[in-house]
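For the protein sequence lines, the chains are A and B, in the order given.
Each residue of the first sequence is one higher than the one before, counting from 1 in our numbering.
Each residue of the second sequence is one higher than the one before, counting from 378 in our numbering.
Even glycine gets a Cβ: it sits at the ideal position worked out from N, Cα and C.
Protein chains: 2
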Amino acid sequence: MTKTQTSGVGLVEAKRAHFDTPLTLRSGEVLPAYDLVYETYGTLNADASNAILVCHALSGHHHVAGHYADQPDNIGWWDNIVGPGRPLDTDRFFIVGLNNLGGCHGSTGPASINPATGKPWGADFPMVTVIDWVHSQARLADHLGIKTWAAVIGGSLGGMQALRWSVTYPERVKNTIVIAAAPYLTAQNIAFNDVARQAILTDPEFYGGHYYEHNARPVRGLRLARMLGHITYLSDDQMGAKFGRGLRNGNLSFGFDVDFQVESYLHYQGDKFAGYFDANTYLLMTRALDYFDPAREENGDLTAVMKRASSDFLIVSFTTDWRFSPERSREIVSALLAAEKNVSYADIDLAFGHDSFLLDDPYYHSVIAAYLQKVPS
Amino acid sequence: MTKTQTSGVGLVEAKRAHFDTPLTLRSGEVLPAYDLVYETYGTLNADASNAILVCHALSGHHHVAGHYADQPDNIGWWDNIVGPGRPLDTDRFFIVGLNNLGGCHGSTGPASINPATGKPWGADFPMVTVIDWVHSQARLADHLGIKTWAAVIGGSLGGMQALRWSVTYPERVKNTIVIAAAPYLTAQNIAFNDVARQAILTDPEFYGGHYYEHNARPVRGLRLARMLGHITYLSDDQMGAKFGRGLRNGNLSFGFDVDFQVESYLHYQGDKFAGYFDANTYLLMTRALDYFDPAREENGDLTAVMKRASSDFLIVSFTTDWRFSPERSREIVSALLAAEKNVSYADIDLAFGHDSFLLDDPYYHSVIAAYLQKVPS
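Below, the structure written as structure tokens:
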């Protein structure tokens, strides 16, 4: 394990695209217009055949790689995999990252101004789901002159978007890379999301989702949601190895302040996240996870859905991921095999649970790199 | 699986014992006096050699079996295992259940009046730990004329009390039955407890633990804590089998109200619990869990601690329990074997996760019954 200290792509800039063709969402609601914030790395080739779309997970955004001129320490969340000579090789590919619709990093979302009221959308922002994101991303592809993606890639909720791309726009995806994902959430997955949402929804500072107008933020609820999320992102073994039963100050307090290092870690993570993330976006992202279930369109038959795809597939899971365990990836692999698709599968032995997909592990990265070697650019 | 519909022991009554010898707690604090509420079933024999102590888990209490004259539907929480001909056979044994110190079912706890102030203890109630409970239970044994327990039994946190009894009062325990427990909590276990506590501690209605005086209750936080607890008590498979992705009303709401049956279940359980349980007791019980780690007294050597015991042991785990997995029970078994104790171990294949210990399963109950058959009464 090595940590990438410097960005491979160097200076980057966020861009903004405005779309004023109304977007009909899965719910039936119509979003009249929207902005998407995005970044690109590398050069689009003449026939626009070397583009890779990176889809983000629950708390991700468009700043995938590189750093900003005025924020040299703000390095993209997946910088370790993007750059010259890196698995998503910017010498060969044109990489696109965006902030999803409903997000809180610049794209239109609950904190944006609702043109109908002149006030932030808040709770009135329509529910967006994975297929809605894919449709909005297809328009971004049009905007960039990309007819077909060389690959669509993502981890966790990002992997679900990649999977959805492959069956919603089969003619526009050559390769689909689905990492640490699942074909749908289990009851336990939904239950964790439910507790996280209830923490936010019942926070007195939530004001029914219209907290912006009250100059308030449901910080307590968002903090709890993130703390809980962190438990599910890490493996039991990793938490044991990292914190064990270690005490922060060597002694028990016989009270409810922080005694154990793991408490200190969770509070830090929760506070940090609650300081910048938007609670309405958190609600929306977790609901999009709950609702994701493409097999529903074929009465639960995932194979029948996957038959629509025409891309090749790489599916990656991690041995210690208990949020979306390797078994969940194998459900996808089985459906793809039954649908007679070309599928490669790697179950990678990494100790870092669900979060393994973000790590700079040589073997993991070599699997992605080897797969992308065969993709023409 | 059959559900016991009628109590085996019939009408029961709660009793109260007052102890006015000060109790020095592990923290160093001294509780000047306290009450314990308890129930007994069966008849203590002439030499008081047939008594079994039932220790309760996080949300349990003294009402282990039977029902009350004025509350015929209020059947004890472990009634299915206690009664004539049942594994804890009241024709042979004298069964004792109590509400632990710090509890909220009648024994002295945070909601009791602090004699020093004339107001509820609230946050000033001293932290009680598993060894403190064992000391207080030893006094209850004295009060009942029981010098030696034929057995001490408990599930989860109750099993930890049983384990603690075996090494703290080795001369007073003939048999120790530890079900669905662990020798200490992992970092992940502590992390879940931490989120639950933070939900309560950051609830604006908590008032630093003195909510009684504000005529308030941190209901939102307690509800979240219980919802989260329920996820860890059930197995992923069981939640899948029981709820799957079933929708409450057949359709998605495209909002944050209850869509999935599992959400409905969790809200019901959370609301019910938050309606009657005391938040300060919840904090205290989870902290007692975090602090439990008898091996600390021997620099982490559980075998060295268990060498102090003179009882025989039955250790029981459940295959689908991921809160305290079978591996955790086997840590206890290994230490007992290394300490050259007589130990029986059963890993029982039940689908109900941690909560399996409360179930009326014939095989599980036959294991307990068979073990207790050999115990003289």
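Inset, instruction - Specify the secondary structure class of A:Ala-141 as computed by DSSP and reduced to three states. - result: helix
Inset, instruction - Examine chain A for any beta-carbon lying closer than 8 angstroms to the beta-carbon of B:Ile-508, and answer yes or no. - result: Chain A contact via Cβ: absent.
Legend entry - Option in A:Ile-315, A:Asp-321, A:Met-227 with minimal Cα separation from A:Arg-330: A:Ile-315
Inset, instruction - Following the continuous beta strand (DSSP E) through A:Val-262, name the residue where it begins and the one where it ends. - result: Looking at the DSSP string, A:Val-262 is not in any beta strand (DSSP E); the run it does join, the alpha helix (DSSP H), is 261 to 276.
Legend entry - C-beta neighbour in chain B for A:Gly-97, strict 8 angstroms: no
Inset, instruction - Please classify A:His-67: does DSSP put it in a helix, a strand, or coil? - result: Reduced to three states, the DSSP call for A:His-67 is strand.
Legend entry - Rounded C-alpha distance that separates B:Asp-614 from A:Val-178: 24 angstroms
Legend entry - Ordered list of alpha helix (DSSP H) runs contained in the segment 295 to 346 of chain A, each at least 4 residues: Here the runs fully enclosed are 302 to 306, 326 to 338.
Inset, instruction - Pull out every residue of the segment 662 to 676 of chain B whose Cβ sits closer than 8 angstroms to any Cβ of chain A, in chain order. - result: Arg-664, Asp-667, Tyr-668, Asp-670
Inset, instruction - Would you mind stating whether B:Tyr-589 and B:Ala-488 have Cβ atoms separated by less than 8 angstroms? - result: Result yes, Cβ atoms of B:Tyr-589 and B:Ala-488 sit closer than 8 angstroms.
Legend entry - Helix, strand or coil at B:Leu-402 according to DSSP, with G and I counted as helix: coil
Inset, instruction - Whole angstroms is fine: what's the gap from A:Asp-142's alpha carbon to A:Thr-186's? - result: 35 angstroms
Inset, instruction - Return the residue from the list A:Arg-139, A:Gln-373, A:Asp-349 that minimises the CA-CA distance to A:Tyr-364. - result: A:Asp-349
Inset, instruction - Please check if any C-beta of chain A sits within less than 8 angstroms of the C-beta of B:Phe-690. - result: no
Legend entry - Opening and closing residue of the alpha helix (DSSP H) in which B:Lys-619 lies: 613 to 619
Legend entry - Continuous beta strand (DSSP E) stretch holding B:Phe-396: start and end: 392 to 396
Legend entry - Inter-residue spacing [alpha-carbon to alpha-carbon] between B:Ala-515 and B:Trp-526: 10 angstroms
Inset, instruction - At 8 angstroms on the CB atoms, spell out the chain B contacts of A:Arg-217, in chain order. - result: Ordered by position in chain B, no residue passes the 8 angstroms Cβ test against A:Arg-217, which lies about 14 angstroms from the chain.
Inset, instruction - Put A:Lys-3 into one of helix, strand or coil per three-state DSSP. - result: Model confidence at A:Lys-3 stands at a pLDDT of 42, short of 50, so the residue's coordinates are unreliable; what they give is reported in the following sentence. Of the three classes helix, strand and coil, the one that applies to A:Lys-3 here is coil, per DSSP.
Inset, instruction - Assign A:Leu-11 to buried or exposed, taking buried as 16 or more other Cβ atoms, counted over all protein chains shown, within 10 Å of its Cβ. - result: exposed
Legend entry - Beta-carbon spacing of A:Met-285, A:Leu-98 below 8 angstroms: no
Legend entry - beta strand (DSSP E) runs wholly inside the segment 482 to 543 of chain B, at least 3 long, in chain order: 528 to 532
Inset, instruction - Starting from A:Pro-204, find everything on chain B with Cβ-Cβ shorter than 7 angstroms and list it in chain order. - result: Those within 7 angstroms of A:Pro-204 in chain B are Pro-581.
Legend entry - Supposed close pair A:Ala-180, A:Asp-321 - CB separation, criterion 8 angstroms: 6 angstroms
Inset, instruction - Enumerate in chain order the residues of its own chain whose CB-to-CB distance from A:Gly-118 is below 8 angstroms, with the five nearest sequence positions on each side excluded. - result: Closer than 8 angstroms at the Cβ level, and outside the excluded window around A:Gly-118, lies no residue.
Inset, instruction - Check distances from the C-beta atoms of the segment 552 to 582 of chain B to those of chain A and list, in chain order, the residues that come in under 7 angstroms. - result: Tyr-561, Thr-563, Ala-564, Gln-565, Ile-567, Ala-568, Phe-569, Asp-571, Val-572, Arg-574, Gln-575, Ala-576, Leu-578, Thr-579, Pro-581
Legend entry - Secondary structure of A:Asn-193, DSSP reduced to three states: helix
Legend entry - Residues near B:Leu-430 in its chain [Cβ-Cβ closer than 6 angstroms; skip 5 each side]: Val-473, Trp-526, Val-529
Legend entry - Own chain partners of B:Arg-622 with C-beta closer than 8 angstroms, once the 5 adjacent residues on each side are dropped: Phe-637
Legend entry - Candidates B:Phe-471, B:Pro-560, B:His-607, B:Phe-396: closest to B:Ser-513 by CA position: B:Phe-396
Inset, instruction - Have a look at the DSSP bridge pairing and note the partners of A:Glu-39. - result: Here A:Glu-39 is bridged, per DSSP, to A:Gly-97.
Inset, instruction - With 8 angstroms as the threshold, decide whether the Cβ of A:Phe-271 is near any Cβ in chain B. - result: In the sequence under discussion, the amino acid at residue 271 of chain A is Asp, which differs from the Phe named in the question. It does not; no Cβ of chain B falls within 8 angstroms.
Inset, instruction - Less than 8 angstroms between the CB atoms is what I'm expecting for B:Val-544 and B:Ala-686, so what's the real figure, rounded? - result: B:Val-544 to B:Ala-686, Cβ: 5 angstroms. Contact.
Legend entry - Terminal residues of the beta strand (DSSP E) in which B:Val-555 lies: Unbroken beta strand (DSSP E) run through B:Val-555: 552 to 556.
Inset, instruction - Indicate whether A:Leu-436 and B:Phe-633 have their beta-carbon atoms separated by less than 8 angstroms. - result: Nothing in the structure corresponds to residue 436 of chain A, since chain A is present only between 1 and 377.
Legend entry - Cβ-based neighbour list, B:Thr-420, same chain, cut-off 7 angstroms, excluding 5 preceding and 5 following: Phe-471
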